[in-house]
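Enquirer:
2 protein chains.
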Amino acid sequence: MKIKYTLLHKDRNTKARYGTITTNYGTFETPMFMPVGTQATVKTLDTDELKEIGSAFILSNTYHLWLRPGEDIVNRAGGLHKFMNYYGPILTDSGGFQVFSLANAKDISEEGVLFKSHINGEKLFLTPEKSIEIQNKLDSDIAMSFDECPPASAPYDYLKKSVERTVRWAKRGKSVHKNENQSLFGIVQGGTYCDLRKYSAIETVKLGFDGYSIGGVANDGESKEDMYIAIDYSIPYLPEDKPRYLMGVGEPTDLFEGVERGVDMFDCVLPTRLARHGHAFTKYGKINLKNAKYKEDFTSVDEHCDCKCCKNYTKAYIRHLLIANETLGQRLLSIHNLRFLIKIMEEIRNSIKEDKFVDLKREFYENYKGER
Amino acid sequence: MKIKYTLLHKDRNTKARYGTITTNYGTFETPMFMPVGTQATVKTLDTDELKEIGSAFILSNTYHLWLRPGEDIVNRAGGLHKFMNYYGPILTDSGGFQVFSLANAKDISEEGVLFKSHINGEKLFLTPEKSIEIQNKLDSDIAMSFDECPPASAPYDYLKKSVERTVRWAKRGKSVHKNENQSLFGIVQGGTYCDLRKYSAIETVKLGFDGYSIGGVANDGESKEDMYIAIDYSIPYLPEDKPRYLMGVGEPTDLFEGVERGVDMFDCVLPTRLARHGHAFTKYGKINLKNAKYKEDFTSVDEHCDCKCCKNYTKAYIRHLLIANETLGQRLLSIHNLRFLIKIMEEIRNSIKEDKFVDLKREFYENYKGER
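Listed in order, the protein sequences are those of chains A and B. Each residue of the first sequence is one higher than the one before, counting from 1 in the numbering used here. Each residue of the second sequence is one higher than the one before, counting from 373 in the numbering used here.
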């Protein structure tokens, strides 16, 4: 089946909204944060741990799975859920972002994008149709349209042409989309230009998708202000009865800013990437567990957290694991950081239902002071 | 409390024996295989997973914990169990083996061993007393006496002097052992010489320990035959009412050979080390999951296994994880390989109780053909 979004409550004071998405694997509440499982695995976690932390949708990357192990192997395994043993909803991206960032594509034509594999340098050609065909085979629950991802710093004239092409690409992708159990999202681009975001949103919505993504906000060098503007210029033109997904965003404060502006779905590699470098989110900001001051700190990473890491292990032990290069340290922090964001979203949903989102946001910002 | 070994049944056809060891953390059956948690973590596993695979004792390394994080930190954390969140019995080795192998000690005197830290080259001096003091602070359930670990290829005259010194070292260590909740084992050395093994066993037993280890069988370059001889020459002189521990041994067939000769406890890094290189034990022998032939093999690693890896994931998926450098692959194989050995021991124990050990061994050897 296609996903179904149900809007259940609009916050009285902001554009924040509470709803549900019904999927092939059950009904889940929004706004939600989606852990990223780039290569058909959320780095260091197994699928039991994903369930334990309360994950609903996870995201996996079409570009990576296309290259390795290949969409045909995943398809013959019975699709991505069965391949990776995750029986919850999965969203796949289009591969566009990786082609433009990792593979550093320069050769962009109307037909598609020629680039080199970041693994072995092989020349590959990705088109809107090919991206959808791969995602159809992966059998994710939500697929993304293939879009160009220019940096926000690109000149207006370039962005205008790019946005127009992305609409044409969305149409081409939609025309070959075949998987009846998979929903398809369109993507709004347009940098920080009001007219381009408006054009992109209106033209994409005209094509009729199952949901809408806001892209071009998580490239290197884009500021928080750029992101807020991009959301504010896009949201007014998106239908109320479809979910809105802000791609690649996941600082704790970004979640509040996005929700406040009407976003329903978020994803980001940040929580797991930070964890692998020894950093943890806490109520009071980010901390670096490798810091010598935690050598004999026998308290949990975050006393307010209910995750396996915080309930069972101390800062001193996790610091030891990190210093000794033991992967359990990275895993425990990955579990914690993901749980931290998923729990924020639970609190945000509860606050919206009671029209208290503004209060929750104020309280969170009073405590959360970035890197400590 | 000190451990208590209870001999419950002797196999009718071999020296294999079934018993229990009562510890501070419950009573566990022998013979048993002990997973190795070198740096206060069994590599890639968390402590819930250790319980799931049926682990009883785990082993941790005094040398590594002395260097990092330091025995005082572990002590102030409340001891090793609390530090690493493992509430099952823990055995620590003496540090001797690592000092002689990793740190390549050359400067051995009657007083102790001068060597360089493998981490930062710092000069350190380990003595029989120091080893016991560190282990007292780590608060493991079983500590090992500090022994010299010469290779079996060492000349007879050297081994003779070494064995005599190891007895003197055992006595010195015992005299400073203070922890009333910790048992202390003596170690039998003597290479493959009948008279040296006999001397070492008799003199060590005279000192009166809570259990006895057979050492010097897992150095580089020692053959399987050397190991069998070393066990056969040691066991007759060890008391029946104390457990016998064959140090550093853990090929599946070695477990059968050791049990047959009267050994109760085994440990080895092999199952987790093999896993990190992509190898798995199966009923029919070891397999290399990186092999291309598993690319589209959607069956489990070992259909006879009840572990999380085998119940939920396929060879094709694990191969993908290994090729893509995702640590979940190493973890799933570590869980499987450890469970494989622990399950063999369960089957061995059942076979001894029914005087069918010989039958089980024959059946296992008929199927298990090494690397495939």
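All residues carry an ideal CB built from backbone N, CA and C; glycine is no exception.
Residues in the region 25-48 of chain A with C-beta within 8 Å of chain B's C-beta atoms, listed in sequence order?
Expert: Residues are counted here when their Cβ sits less than 8 Å from a Cβ of chain B; for the region 25-48 of chain A these are 39, 40, 41, 43, 44, 45, 46, 47, 48, given in chain order.
Enquirer: Confirm, please, whether the CB-CB distance from residue 96 of chain A to residue 34 of chain A is below 9 Å.
Expert: Counted from its first residue, the first sequence places residue 34 of chain A at position 34. Counted from its first residue, the first sequence places residue 96 of chain A at position 96. No.
Enquirer: From what residue to what residue does the beta strand (DSSP E) around residue 33 of chain A run?
Expert: Along the first sequence, one-based indexing puts residue 33 of chain A at 33. Unbroken beta strand (DSSP E) run through residue 33 of chain A: 32-34.
Enquirer: Let me know the secondary structure DSSP gives residue 382 of chain B once reduced to three states.
Expert: Locating residue 382 of chain B in the second sequence gives position 10, counting from the first residue. Three-state DSSP puts residue 382 of chain B in a strand.
Enquirer: Residue 670 of chain B and residue 655 of chain B - do their beta-carbons sit closer together than 9 Å?
Expert: Here residue 655 of chain B is taken as the residue at index 283 of the second sequence, counted from 1. Here residue 670 of chain B is taken as the residue at index 298 of the second sequence, counted from 1. Cβ distance not < 9 Å, so residue 655 of chain B and residue 670 of chain B don't count as in contact.
Enquirer: If we ignore side chains and look at the alpha-carbon of each, how far apart do residue 612 of chain B and residue 489 of chain B end up?
Expert: The count along the second sequence starts at 1 and reaches residue 612 of chain B at position 240. The count along the second sequence starts at 1 and reaches residue 489 of chain B at position 117. Computed Cα separation, rounded: 39 Å.
Enquirer: Would you call residue 453 of chain B buried or exposed, if buried means 16 or more other Cβ atoms sit within 10 Å of its Cβ?
Expert: Indexing the second sequence from 1 puts residue 453 of chain B at position 81. Residue 453 of chain B comes out buried.
Enquirer: Compare the Cα-Cα distances from residue 584 of chain B to each of B:618, B:520, B:457 and report the closest residue.
Expert: Here residue 584 of chain B refers to the residue found at position 212 of the second sequence. Ranking B:618, B:520, B:457 by Cα distance to residue 584 of chain B puts B:618 first.
Enquirer: Let's see if you can read the secondary structure: which residues bound the beta strand (DSSP E) around residue 327 of chain A?
Expert: Taking the first residue of the first sequence as 1, we reach residue 327 of chain A at position 327. Taken as a continuous stretch (DSSP letters only), residue 327 of chain A belongs to no beta strand (DSSP E), being part of the alpha helix (DSSP H) at 327-353.
Enquirer: Provide the residue span of the beta strand (DSSP E) that contains residue 389 of chain B, from first to last.
Expert: Sequence index remark: in the second sequence, residue 389 of chain B carries index 17 (1-based). Element bounds for residue 389 of chain B: 389-395.
Enquirer: Output the boundary residues of the alpha helix (DSSP H) element that contains residue 600 of chain B.
Expert: As a working mapping, residue 600 of chain B is identified with position 228 in the second sequence. Unbroken alpha helix (DSSP H) run through residue 600 of chain B: 596-606.
Enquirer: Is the shortest distance between the beta-carbon of residue 273 of chain A and the beta-carbons of chain B less than 9 Å?
Expert: Your numbering for residue 273 of chain A matches position 273 in the first sequence. It does not; no Cβ of chain B falls within 9 Å.
Enquirer: Does the beta carbon of residue 295 of chain A come closer than 9 Å to any beta carbon on chain B?
Expert: Reading the first sequence from its first residue, position 295 is the one you call residue 295 of chain A. Chain B, which has a Cβ nearer than 9 Å to the Cβ of residue 295 of chain A, makes this yes.
Enquirer: How would you list, in chain order, the residues of chain A whose beta-carbon sits under 7 Å from the beta-carbon of residue 462 of chain B?
Expert: Within the second sequence, residue 462 of chain B is the residue found at index 90, counting from 1. Here the premise fails: no neighbours, minimum Cβ distance about 14 Å.
Enquirer: Could you have a look at residue 265 of chain A and say whether DSSP puts it in helix, strand or coil?
Expert: Your numbering for residue 265 of chain A matches position 265 in the first sequence. If DSSP states are grouped into helix, strand and coil, residue 265 of chain A belongs with the strands.
Enquirer: Quick one: using the 10 Å Cβ neighbour count with 16 as the cut-off for buried, is residue 326 of chain A buried or exposed?
Expert: One-based indexing of the first sequence puts residue 326 of chain A at position 326. Burial call: buried.
Enquirer: Check whether the Cβ atoms of residue 381 of chain A and residue 236 of chain A sit closer than 9 Å, and answer yes or no.
Expert: Nothing can be reported for residue 381 of chain A, as the shown portion of chain A is limited to 1 through 372.
Enquirer: Would you call the CB atoms of residue 102 of chain A and residue 158 of chain A closer than 9 Å?
Expert: As a first step, residue 102 of chain A is located in the first sequence; it is residue number 102 there, counting from the start. As a first step, residue 158 of chain A is located in the first sequence; it is residue number 158 there, counting from the start. Not in contact: residue 102 of chain A and residue 158 of chain A (Cβ atoms no closer than 9 Å).
Enquirer: Quick check on DSSP: helix, strand or coil for residue 590 of chain B?
Expert: Mapped onto the second sequence, residue 590 of chain B falls at position 218. Per DSSP, reduced to three states, the secondary structure at residue 590 of chain B is coil, with no helix or strand assignment.
Enquirer: Between A:113, A:201, A:303, which lies nearest to residue 131 of chain A when the distance is taken from Cα to Cα?
Expert: The count along the first sequence starts at 1 and reaches residue 131 of chain A at position 131. The shortest C-alpha separation from residue 131 of chain A is found at A:113.
Enquirer: Closest to residue 105 of chain A by C-alpha separation, out of A:124, A:191, A:184, would be which residue?
Expert: Counting from one through the first sequence, the residue named residue 105 of chain A turns up at place 105. Taking only the C-alpha atoms, the option nearest residue 105 of chain A is A:124.
Enquirer: Quick one: which chain B residues come within Cβ less than 7 Å of residue 122 of chain A?
Expert: Translated into the one-based positions of the first sequence, residue 122 of chain A becomes position 122. Within 7 Å Cβ-Cβ: nothing; residue 122 of chain A doesn't reach chain B, min ~16 Å.
Enquirer: What does residue 339 of chain A touch in chain B if you count any residue whose Cβ is under 9 Å from its own?
Expert: As a working note, residue 339 of chain A is residue 339 in the first sequence. The premise fails here: residue 339 of chain A is roughly 15 Å from chain B at the closest Cβ pair, so nothing lies under 9 Å.
Enquirer: How big is the Cα-Cα spacing for residue 416 of chain B and residue 702 of chain B?
Expert: In the second sequence, the residue the question calls residue 416 of chain B occupies position 44. In the second sequence, the residue the question calls residue 702 of chain B occupies position 330. Rounded to whole angstroms, residue 416 of chain B to residue 702 of chain B spans 7 Å at the Cα level.
Enquirer: Residue 593 of chain B: buried (16+ other C-beta within 10 angstroms of its C-beta) or exposed?
Expert: The sequence position of residue 593 of chain B within the second sequence is 221, counting from 1. With fewer than 16 Cβ atoms within 10 Å of its Cβ, residue 593 of chain B is classed as exposed.
Enquirer: Which residues of chain A have a Cβ atom closer than 7 Å to the Cβ of residue 455 of chain B, listed in chain order?
Expert: Numbered from 1 along the second sequence, position 83 holds the residue referred to as residue 455 of chain B. Here the neighbours are 317.
Enquirer: Mind checking residue 404 of chain B: buried by the 16 CB within 10 Å criterion, or exposed?
Expert: On the second sequence, residue 404 of chain B is found 32 positions in, with the first residue counted as 1. Label assigned to residue 404 of chain B: buried.
Enquirer: Who are the near neighbours of residue 732 of chain B in its chain, counting only those whose CB is closer than 7 Å to its CB and skipping five residues on each side?
Expert: To locate residue 732 of chain B, count along the second sequence from 1; it is residue 360. Excluding residues within five positions, the ones whose Cβ falls inside 7 Å are 719, 720, 723.
Enquirer: Could you please tell me which residues of the region 474-487 of chain B, in chain order, have their CB closer than 9 Å to any CB of chain A?
Expert: none
Enquirer: Please list the residues of the region 123-149 of chain A that have a C-beta atom closer than 8 Å to any C-beta atom in chain B, keeping them in chain order.
Expert: none
Enquirer: By how many angstroms is the C-alpha of residue 430 of chain B removed from the C-alpha of residue 696 of chain B?
Expert: Working through the second sequence from its first residue, we reach residue 696 of chain B at position 324. Working through the second sequence from its first residue, we reach residue 430 of chain B at position 58. For residue 696 of chain B and residue 430 of chain B, the distance between alpha carbons rounds to 30 Å.
Enquirer: Of all the options A:17, A:54, A:77, which has the alpha carbon lying nearest to the alpha carbon of residue 690 of chain B?
Expert: Residue mapping note: residue 690 of chain B aligns to position 318 of the second sequence, counting from 1. Comparing Cα-Cα distances from residue 690 of chain B to each of A:17, A:54, A:77, the minimum goes to A:77.
Enquirer: Does DSSP put residue 28 of chain A in a helix, a strand or coil?
Expert: Working through the first sequence from its first residue, we reach residue 28 of chain A at position 28. Here residue 28 of chain A sits in strand by DSSP.
Enquirer: Using 8 Å as the cut-off, can you tell me whether the region 383-403 of chain B makes contact with the region 296-313 of chain A, which would need three or more C-beta pairs spanning the two stretches below that distance?
Expert: No, because fewer than three Cβ pairs between the region 383-403 of chain B and the region 296-313 of chain A fall closer than 8 Å, the two stretches do not touch.
Enquirer: Whose C-beta lies closer than 8 Å to the C-beta of residue 303 of chain A among residues of the same chain, with five residues either side of it excluded?
Expert: Position 303 of the first sequence, counted from the start, is the residue given in the question as residue 303 of chain A. Excluding residues within five positions, the ones whose Cβ falls inside 8 Å are 310.
Enquirer: Buried or exposed for residue 23 of chain A, going by 16 or more other Cβ atoms inside 10 Å?
Expert: On the first sequence, position 23 is the one that residue 23 of chain A refers to. The residue is buried, with at least 16 neighbouring Cβ atoms inside 10 Å.
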